[in-house]
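Visitor: Numbered per the numbering used here, the sequence shown spans residues 89 to 561.
Even glycine gets a Cβ: it sits at the ideal position worked out from N, Cα and C.
All figures in this text were calculated on a predicted structure; none of them were measured in a lab.
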Amino acid sequence: MVNNREKRARCPLPPGPRPFPVVGNVMSVNSKEPWVTYTNWGKTYGPLVYSRLFSKDIIVINSEKIAKDILDRRSSVFSDRPTLTTIDLFGWTWNVAFMPYGERWRQCRRLFHQTFRPEAALTYRPVQMLKSMSSSIIMAVAYGYDTAPRHDALVKIVEDTLNLAIGVVTPEKAALLGAFPFLLRLPYWLPGAGFQKKAQESRQVSKEQVDAPYRHVTQNLTSNSLLPCICSDLLGRMKDGGNVEYHENLVKDVAATAFNAASETTSSAMLIFTLAMLQNPKVQAKAQAEIDAIVGRDRLPEFSDRASLPYIDAVLRETLRWHPVVPLGIAHAATNDDIYEGYYIPKGATVMANLWAMSHDESIYPNPYEFKPERFLSNGKLVDDVVSYAFGFGRRVCIGRHVADASLWAGIASVLSVFNIRKAVDDLGKEVEFQVEWTSGLTTHPLLFPCVIEPRSLEMTPQRLAEMIAVHG
Ligand code: HEM
Numbered sequence: 089m090v091n092n093r094e095k096r097a098r099c100p101l102p103p104g105p106r107p108f109p110v111v112g113n114v115m116s117v118n119s120k121e122p123w124v125t126y127t128n129w130g131k132t133y134g135p136l137v138y139s140r141l142f143s144k145d146i147i148v149i150n151s152e153k154i155a156k157d158i159l160d161r162r163s164s165v166f167s168d169r170p171t172l173t174t175i176d177l178f179g180w181t182w183n184v185a186f187m188p189y190g191e192r193w194r195q196c197r198r199l200f201h202q203t204f205r206p207e208a209a210l211t212y213r214p215v216q217m218l219k220s221m222s223s224s225i226i227m228a229v230a231y232g233y234d235t236a237p238r239h240d241a242l243v244k245i246v247e248d249t250l251n252l253a254i255g256v257v258t259p260e261k262a263a264l265l266g267a268f269p270f271l272l273r274l275p276y277w278l279p280g281a282g283f284q285k286k287a288q289e290s291r292q293v294s295k296e297q298v299d300a301p302y303r304h305v306t307q308n309l310t311s312n313s314l315l316p317c318i319c320s321d322l323l324g325r326m327k328d329g330g331n332v333e334y335h336e337n338l339v340k341d342v343a344a345t346a347f348n349a350a351s352e353t354t355s356s357a358m359l360i361f362t363l364a365m366l367q368n369p370k371v372q373a374k375a376q377a378e379i380d381a382i383v384g385r386d387r388l389p390e391f392s393d394r395a396s397l398p399y400i401d402a403v404l405r406e407t408l409r410w411h412p413v414v415p416l417g418i419a420h421a422a423t424n425d426d427i428y429e430g431y432y433i434p435k436g437a438t439v440m441a442n443l444w445a446m447s448h449d450e451s452i453y454p455n456p457y458e459f460k461p462e463r464f465l466s467n468g469k470l471v472d473d474v475v476s477y478a479f480g481f482g483r484r485v486c487i488g489r490h491v492a493d494a495s496l497w498a499g500i501a502s503v504l505s506v507f508n509i510r511k512a513v514d515d516l517g518k519e520v521e522f523q524v525e526w527t528s529g530l531t532t533h534p535l536l537f538p539c540v541i542e543p544r545s546l547e548m549t550p551q552r553l554a555e556m557i558a559v560h561g
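1. For D380 and K435, I'd like the C-alpha separation in whole angstroms.
2. Is it buried or exposed for N331, if we count other Cβ within 10 angstroms and need 16 for buried?
3. Going by C-alpha to C-alpha distance, which of I226, Y189, R192 sits closest to Q204?
4. Who are the Cβ neighbours of V383 in its own chain at under 6 Å, not counting the five residues just before and after it?
5. Within the region 343-392, note down every full alpha helix (DSSP H) run reaching 4 residues or more, in order along the chain.
6. From what residue to what residue does the beta strand (DSSP E) around F507 run?
7. Determine the closest residue to S119 out of G529, C486, P100, V184, with distance taken between C-alpha atoms.
8. Tell me whether V184 is buried or exposed, calling it buried when 16 or more other Cβ atoms sit within 10 Å of its Cβ.
9. With a CB to CB cut of under 7 Å and the five nearest residues on each side skipped, what residues in its chain are close to I254?
10. Check whether the region 171-186 and the region 343-363 touch, using three or more Cβ-Cβ pairs below 8 Å as the test.
11. Buried or exposed: M358, going by 16 or more other Cβ atoms within 10 Å of its Cβ?
12. Helix, strand or coil for I226 per DSSP?
13. What residue ranges within the region 479-527 form continuous beta strand (DSSP E) runs of no fewer than 3 residues, ordered along the chain?
14. Grab me the residues of V520's own chain with a C-beta within less than 7 Å of its C-beta, minus the 5 sequence neighbours each way, in chain order.
15. From which residue to which residue does the beta strand (DSSP E) around T438 run?
16. Can you give me the start and stop residues for the alpha helix (DSSP H) that D176 sits inside?
17. Work out the CA separation of V339 and D299 for me, nearest whole Å.
18. Checking 7 Å against the spacing of the C-beta atoms, do R405 and V293 come in under that value?
19. Give a single yes or no on whether I149 has its beta carbon closer than 6 Å to a heavy atom of the ligand FAD.
20. Determine whether the beta carbon atoms of I433 and I149 lie at a separation below 7 Å.
21. Which of helix, strand or coil does DSSP assign to M221?
22. Return yes when at least one heavy atom of the ligand HEM lies under 6 Å from the C-beta of C317, else no.
23. Tell me which residues share the same chain as P135 and place their Cβ nearer than 6 Å to its Cβ, disregarding the 5 neighbours each side in the sequence.
24. If you count every other CB in all the chains shown that lies within 10 Å of the CB of E260, and 16 or more means buried, which is it?
25. Using only the alpha-carbon positions, how far apart do L101 and S116 sit?
26. Is the region 155-165 touching the region 466-484, taking contact as three or more C-beta pairs under 8 Å?
27. Evaluate Y126 with the Cβ neighbour count: other Cβ atoms within 10 Å of its Cβ, from every protein chain shown; 16 or more gives buried, anything less gives exposed.
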């Protein structure tokens, strides 16, 4: 039998930067934007890069083709998740996206599939057209809960859960903590123990994020006021004679994951779209002209208009490409040794698909930092590239991609049809210039920036808008 060392001797690891003793390559990784470091490594070492974060083997895939070869075609080996210390510590073990590849993940994924497969996702379209904000869409879809327009208590819980943990549930942060576990043993009161305090707070709100909205469902299950939702649907599907508590816990985890995954990603993408419109007024005008020509000004765009609005779809694709919301996807892990094109991938390695590198590949997207929806059109028709890599690969591919696509389309088309997004002006009428700052972590979006979102016409009063939305219902 050939052991690991022999395999290593026969096949080299993929090329990569030389690791330093103990720390590996950790010091060379840009802690705010690791995807930029990995993209630069790709330019030096090629599309498959090996590096080490402390003692952890890290394989970075910088090309869509290789990601498909490895994560799609060899999904029996590459569907696990790495163990991240921060998941346990911040109380996110219920999150299906980070579960190890195994029976519980499979059961959750099956439940997800029942509600998020393309045909089933159609059920939620009326809600998507009615609701403007991503949190309220998913609150309705997951829990049949109608959120308050502002300061909703349950939305606040999910925001807190995400704010506390989204920056640390990454391989880079987890590797750091794994290497210095004493940080976790510092007494709470000691200066510098902020991290531990944050983790404790996170564990509490995270549990509340799972339990509180679910309580709403169980309390209203028999009342007519509960909208059709994932929880009621999945609870209704429970087989007679099954273990009720076990099934309920699965449903809880699935709904909480959907809520958590959907609200962060969809709202980030809408913020990125808003920024892109602000910076590219010509694109905005062109998109609005398409809507005016096909839909007119008297009603909002509907899903049945989608095929006649190719430029809007091109704007959506360019939004996903220009600044991927989850730039490094969610890391996969190898459950076995493997060899790809003569390179050795060790069992247990963390395997990251660098979506940022794929979406900024100049050979596919010339001038990748420009926001140009036209790159997705040829002779007025949409090209085949649907930016599918933005939703990851293989058996762990984003389960909410059809719902996300529909929510984003509804959001983008509705906003463009009714509002103008433009730069804010100061008291002297001068445009307010600003430097865009981005959040960092598993997901990324621009921090708040000054802008004006105003109705496109004076007739568009709040009352008129409410009437147009009501027609959709
Ligand atoms: C713009 C919107 C979204 C983007 C860009 C996005 C992106 C991603 C990516 C890159 C992954 C990792 C895939 C991989 O491991 O290779 C993922 C996983 C996942 N996404 Fe999304 N997502 C979005 C919206 C949603 C929505 C609306 C939902 C839920 C309803 C959702 C639920 C999930 C779940 C559950 C996983 C984990 C799947 C697993 O580990 O088996 N996502 N998503």
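Guide: Based on what the coordinates show:
1. 55 Å
2. exposed
3. Note that residue 204 corresponds to Phe in the displayed sequence, not to Gln. Closest option to F204, Cα to Cα, is I226.
4. P389, D393
5. 369-382
6. 507-510
7. G529
8. buried
9. E352, G529, L530, T531
10. yes
11. buried
12. helix
13. 507-510
14. K511, A512, V513, D514, P538
15. 438-441
16. 173-177
17. 11 Å
18. no
19. For the ligand FAD, the structure offers nothing, since it holds only the ligand HEM.
20. no
21. In this prediction, M221 scores a pLDDT of 49, lower than 50, which makes its location untrustworthy; the coordinate-derived value is nonetheless stated afterwards. Looking at M221 - three-state DSSP - the assignment turns out to be coil, as it is neither helix nor strand.
22. no
23. N150, S151, I154
24. buried
25. 19 Å
26. yes
27. buried
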